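There are 2 protein chains.
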Amino acid sequence: MEKPATIPLTAVNLRTACTQCNLKELCLPVGLDDVDLERIDGLITARKKVKRQQHLYRAGEPFEAIYAIRTGFFKTDILTEDGRDQVTGFQMAGEILGLDGISTDRHVCNAVALEDSDVCMIPFERLEELSRRIEPLQRQFHKFMSREIVREQGIMMLLGSMRAEERLAAFLINLSQRMRLRGYSASEFHLRMTREEIGSYLGLKLETVSRAFSKFQDDGLISVHQKHIQILDADGLRRLIGRANV
Amino acid sequence: MEKPATIPLTAVNLRTACTQCNLKELCLPVGLDDVDLERIDGLITARKKVKRQQHLYRAGEPFEAIYAIRTGFFKTDILTEDGRDQVTGFQMAGEILGLDGISTDRHVCNAVALEDSDVCMIPFERLEELSRRIEPLQRQFHKFMSREIVREQGIMMLLGSMRAEERLAAFLINLSQRMRLRGYSASEFHLRMTREEIGSYLGLKLETVSRAFSKFQDDGLISVHQKHIQILDADGLRRLIGRANV
DNA sequence: CGACTTATTGACAATAGTCAACACTCGTGG
DNA sequence: CCACGAGTGTTGACTATTGTCAATAAGTCG
Chain A
1 MEKPATIPLT AVNLRTACTQ CNLKELCLPV GLDDVDLERI DGLITARKKV KRQQHLYRAG
61 EPFEAIYAIR TGFFKTDILT EDGRDQVTGF QMAGEILGLD GISTDRHVCN AVALEDSDVC
121 MIPFERLEEL SRRIEPLQRQ FHKFMSREIV REQGIMMLLG SMRAEERLAA FLINLSQRMR
181 LRGYSASEFH LRMTREEIGS YLGLKLETVS RAFSKFQDDG LISVHQKHIQ ILDADGLRRL
241 IGRANV
Chain B
1 MEKPATIPLT AVNLRTACTQ CNLKELCLPV GLDDVDLERI DGLITARKKV KRQQHLYRAG
61 EPFEAIYAIR TGFFKTDILT EDGRDQVTGF QMAGEILGLD GISTDRHVCN AVALEDSDVC
121 MIPFERLEEL SRRIEPLQRQ FHKFMSREIV REQGIMMLLG SMRAEERLAA FLINLSQRMR
181 LRGYSASEFH LRMTREEIGS YLGLKLETVS RAFSKFQDDG LISVHQKHIQ ILDADGLRRL
241 IGRANV
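Below you can see the structure in the form of C-alpha cells.
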C-alpha cells in the first residue's frame, strides 16, 4: 500500500499554518497574544494527504506526532492477536487523532482514511515544549485528552447499557451533532463507513445494524438509501435513546 | 452522608509527602534531581481519608484536583438522566482518579470508596504549573492521561466483542495482574465490589455474572466463596479470552 | 438475633447472532 | 458503453446467548 504524501511546509506558509486555518478555533485556545500565535505557527511542520483506504498510521509504529484533521474522515481500529477487530472511533474535520500513542510511545490503533483526507501533523515533542511555554495551549491540550477520555466513557455507556436500536440512534444523533458543529447539514449526510464498520463500533453485527436502519425507516424516523441518510425525526431518535429500563 | 476527612499537611510532612511515599515510582517520573523532587513535594497539599461507601467526589461538582490512591479501593460510575447507571472503572492503590474532570472543569463521574481509603489530593492548577517547569513530570502526566484512554479502549473491545464468560475472565485476569503489580497475591483476593457492580462494569446482569463465576468454578478455573476468589488456572482463563470467532 | 443486602439457581422470554439467499452499487476492463 | 464481478446491503428463518422474574440461601451489620 502507498504511503501518504507528506508536504513539507515552506518558511512562508509555516508562518500562517495555524493562524490562517479556518479550523483554528477548534484546535487552538482563544485569546492568545501575537507572540504566542507566532510561536504556534511553528507547531505544524507538515501536512499529509491521505487517500481513501490508506493508513495514516498503524498500530505498533513509533509514536511521534498527533494529527489534526483539516478535511476528510477517518476511522481508528484495533486488531488483537486473537483475531478480534474493533472500530474504536470515527473522526472528522477539526478532530484530533493519535492521543493514545503517548502512553507507550507507539500507536495503539490503526488510523485509516474513509475518504481522501488532509491532516496537519503536530510533532509531539514540539507540542510538549510549546505547551510548557504557552499556558493556554497546555490547558487546551489537556482538555483535548480529557475530552477523549469522556468520549470513550460515553461509548462504554452505550456498549454496556443500550440495546441495538438505542445504540444506532445514539450513533446517528452524535454524528448529526458533529456534522452541524463543522458546518454541514445535521439532517442529511453521507455515511463514510460500511454497515460492518458501524456494527464493529457499536458492538453489533452488520445484519443487526441493517435491520435497525430499516426499522427506523419504517417508523418514519429516518430515510435510508444505502449510505445516504436523512434524519426526519431527530426528537424521535432522541426519545429512543432516553428509554432506559428505569 | 458525611464528608471525607481532609488532613492538611504541615510544613514538616509537606517536605516528605511524595519523596517518602512508597508508591512514588507509580506516580512520579524517575530520575528527577533533588531540586525537582523538592518542588514536587509541594504538589500534594492534602490527604483525604474516605470511608467505605463515601464519595470522594460527585458528578457535576467543580473539578479542582486529581487524586492518587495511597490505600484502598474505589469505583467510578456515571448516572444519566434517563436512569442508566454504569460503573466505568475500579481503581486501587497507586492509581489516579479524576482525569475526566479536566474536560469540562466539572467531574463527569462519581468516585465512591469500596473500602476505607486514603488518597493524595493533587490540585490541578498546581500540577499544570509544575509540569510546565519540570519536563519529566509533564511527560509522566501525559502518559497517565493517555494510559487512561488506552484502558478505556480495552473496555470498549471487551464490551463490543466479548461474550459474558470472556468478559468475566478478562476482568479477573486484569484484576489479578494489578494486584500483583501492587504487591498483593495475584492468585487469591477479596473482591471489593458486588456482582451487580461487576455486571454494570462488564455490561452484564448480575445473574449472568454469578452464573459465569459458578461455571468457572465447575470447570476448575477458580474457586469462589462469595467475594473471596482464588485463581486456580490463570492460563485456562487466558485461553478463554483468546477465543475470538476467528 | 433479625432485618437487610447480596449471591445462587431455575424456568422461561427477549434480543441479537448465524447462515443463507438475493439485490443493489460501483469500478474495471472488454 | 456495457457487462461482469466484487463488495456491500437487505431480508428471512432459525439458533444461541443473555436477560427477566422468582424463589431460596448465605452472608452482614446494627
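Order-wise, the sequence lines are chains A and B.
Read in order, the letters of the first sequence are residues 1 to 246 in the UniProt record's numbering.
Read in order, the letters of the second sequence are residues 1 to 246 in the UniProt record's numbering.
Using N, Cα and C, we set each Cβ at its ideal position, and we do this for glycine too.
If you're wondering where the values come from, they're calculated on a predicted model, not measured in any experiment.
Taking only the alpha-carbon atoms, compute the straight-line gap between residue i and residue j and give it to the nearest angstrom.
| i | j | result |
| --- | --- | --- |
| Ser117 (chain A) | Asp235 (chain B) | 44 angstroms |
| Leu232 (chain B) | Ser223 (chain B) | 7 angstroms |
| Gln53 (chain A) | Val112 (chain A) | 6 angstroms |
| Arg64 (chain A) | Thr80 (chain A) | Here residue 64 (chain A) turns out to be Glu, not Arg, going by the sequence shown. Using only the alpha carbons, I get a separation of about 22 angstroms. |
| Leu202 (chain A) | Gly242 (chain A) | 17 angstroms |
| Ser187 (chain B) | Leu97 (chain B) | 26 angstroms |
| Phe124 (chain A) | Lys143 (chain B) | 12 angstroms |
| Arg133 (chain A) | Ala59 (chain A) | 31 angstroms |
| Ala11 (chain A) | Gln177 (chain A) | Residue placement at Ala11 (chain A) is poorly supported in this model, since its pLDDT is 48, which falls under 50; the coordinates are not used for a value here. |
| Pro29 (chain B) | Leu240 (chain B) | 36 angstroms |
| Val35 (chain B) | Asp41 (chain B) | 10 angstroms |
| Thr227 (chain B) | Arg211 (chain B) | Here the sequence assigns Lys to residue 227 (chain B), which means Thr is not the residue at that position. About 14 angstroms. |
| Glu197 (chain B) | Ile44 (chain A) | 45 angstroms |
| Asp219 (chain A) | Met157 (chain A) | 25 angstroms |
| Ile149 (chain A) | Ser214 (chain A) | 32 angstroms |
| Arg47 (chain A) | Thr71 (chain A) | 11 angstroms |
| Glu128 (chain B) | Ile66 (chain B) | 11 angstroms |
| Arg15 (chain B) | Glu166 (chain B) | Low per-residue confidence applies at Arg15 (chain B): pLDDT is 48, beneath 50, and the placement is therefore not dependable, though the value from the model is reported in the following sentence. Each residue's alpha carbon lies about 47 angstroms from the other. |
| Cys18 (chain A) | Leu37 (chain A) | 8 angstroms |
| Met1 (chain B) | Tyr184 (chain A) | Confidence at Met1 (chain B) is low in this model, with a pLDDT of 48, below 50, so its placement is unreliable and no value can be given for it. |
| residue 280 (chain A) | Lys24 (chain A) | The structure shown does not extend to residue 280 (chain A), since chain A is modelled only from 1 through 246, so no value can be given for it. |
| Val246 (chain A) | Pro136 (chain B) | Residue placement at Val246 (chain A) is flagged as unreliable, the pLDDT there being 49, under the threshold of 50; the coordinate-derived value follows with that caveat. If you take the alpha carbons of Val246 (chain A) and Pro136 (chain B), they lie about 47 angstroms apart. |
| Ile122 (chain B) | Gly83 (chain B) | 32 angstroms |
| Arg126 (chain B) | Gln20 (chain B) | 20 angstroms |
| residue 258 (chain A) | Gln217 (chain B) | Here chain A covers residues 1 to 246 and nothing more, so residue 258 (chain A) does not appear. |
| Asn174 (chain B) | Gln91 (chain B) | 12 angstroms |
| Ile229 (chain A) | Leu221 (chain A) | 11 angstroms |
| Gly101 (chain B) | Leu26 (chain B) | 21 angstroms |
| Val209 (chain A) | Leu204 (chain B) | 21 angstroms |
| Tyr57 (chain B) | Phe141 (chain B) | 21 angstroms |
Could you please give the first and the last residue of the uninterrupted alpha helix (DSSP H) stretch that includes residue i?
| i | result |
| --- | --- |
| Gln138 (chain B) | 135–161 |
| Tyr201 (chain A) | 195–202 |
| Phe213 (chain B) | 206–218 |
| Arg236 (chain A) | Strictly speaking, residue 236 (chain A) in this sequence is Gly, with Arg absent from that position. Unbroken alpha helix (DSSP H) run through Gly236 (chain A): 234–241. |
| Leu26 (chain A) | 24–27 |
Which residues of chain A have a Cβ atom closer than 8 angstroms to the Cβ of residue i, listed in chain order?
| i | result |
| --- | --- |
| Val150 (chain B) | Asp100, Ser103, Thr104, Val108 |
| Arg139 (chain B) | Glu128 |
How about residue i and residue j: do their beta carbons lie closer than 8 angstroms?
| i | j | result |
| --- | --- | --- |
| Gly89 (chain A) | Arg182 (chain A) | no |
| Cys109 (chain B) | Ile155 (chain B) | no |
| Glu152 (chain A) | Gln153 (chain B) | yes |
| Cys120 (chain B) | Ala164 (chain B) | no |
| Ser200 (chain B) | Asp85 (chain B) | yes |
| Arg192 (chain A) | Leu206 (chain A) | no |
| Ser146 (chain B) | Ser103 (chain A) | yes |
| Leu172 (chain A) | Leu237 (chain A) | yes |
| Phe73 (chain A) | Leu114 (chain A) | yes |
| Ser170 (chain B) | Met162 (chain B) | The question names Ser, yet the displayed sequence has Ala at residue 170 (chain B). Yes, the Cβ-Cβ distance between Ala170 (chain B) and Met162 (chain B) is below 8 angstroms. |
Would you mind telling me which residues of chain B sit closer than 9 angstroms to residue i, beta carbon to beta carbon, in chain order?
| i | result |
| --- | --- |
| Gly203 (chain A) | Met156, Leu159, Gly160, Ser161, Gly203 |
| Arg58 (chain A) | None at all; the shortest Cβ gap to chain B is about 16 angstroms. |
| Arg192 (chain A) | Those do not exist, as Arg192 (chain A) stays about 20 angstroms from chain B at its closest Cβ, beyond 9 angstroms. |
Could you tell me which chain B residues have their CB closer than 7 angstroms to the CB of residue i, listed as they occur along the chain?
| i | result |
| --- | --- |
| Gly242 (chain A) | Asp82 |
| Arg195 (chain A) | Going along chain B, no residue has its Cβ under 7 angstroms from Arg195 (chain A), so there is no contact; the nearest lies around 15 angstroms. |
| Arg182 (chain A) | Simply none; closest approach about 19 angstroms. |
Beta strand (DSSP E) containing residue i: first to last residue?
| i | result |
| --- | --- |
| Asn227 (chain B) | Here residue 227 (chain B) turns out to be Lys, not Asn, going by the sequence shown. Where Lys227 (chain B) is concerned, there is no enclosing beta strand (DSSP E), given that its DSSP letter is neither H nor E. |
| Asn174 (chain A) | Unbroken run through Asn174 (chain A) is the alpha helix (DSSP H), 164–181; no beta strand (DSSP E). |
| Val108 (chain A) | It is not in any beta strand (DSSP E) - Val108 (chain A) carries neither H nor E in the DSSP assignment. |
Can you pull the chain A residues whose beta carbon is under 7 angstroms from the beta carbon of residue i, in chain order?
| i | result |
| --- | --- |
| Thr88 (chain B) | Gln153, Met156 |
| Ile78 (chain B) | Gln153, Met157 |
Determine the chain A residues that contact residue i at a beta-carbon separation under 9 angstroms, and present them in chain order.
| i | result |
| --- | --- |
| Met145 (chain B) | Leu99, Ile102, Ser103, His142, Met145, Ser146, Glu148, Ile149 |
| Arg52 (chain B) | Residues of chain A passing the Cβ test: none, with the nearest at roughly 24 angstroms. |
| Arg47 (chain B) | None at all; the shortest Cβ gap to chain A is about 24 angstroms. |
Show which residues of chain B have a CB atom less than 8 angstroms away from the CB atom of residue i.
| i | result |
| --- | --- |
| Arg178 (chain A) | The contacting residues do not exist; Arg178 (chain A) stays about 16 angstroms from chain B at best. |
| Arg211 (chain A) | The contacting residues do not exist; Arg211 (chain A) stays about 18 angstroms from chain B at best. |
| Arg238 (chain A) | Those within 8 angstroms of Arg238 (chain A) in chain B number zero; the least Cβ separation is about 10 angstroms. |
Just checking residue i against the ligand SAM - is the residue's beta carbon closer than 7 angstroms to any of the ligand's heavy atoms?
| i | result |
| --- | --- |
| Arg106 (chain A) | Absent from the structure shown: the ligand SAM. Ligands present: none. |
*Go through the segment 33–101 of chain B residue by residue and report every complete run of the alpha helix (DSSP H) that reaches 4 residues or more, in order.*
34–41
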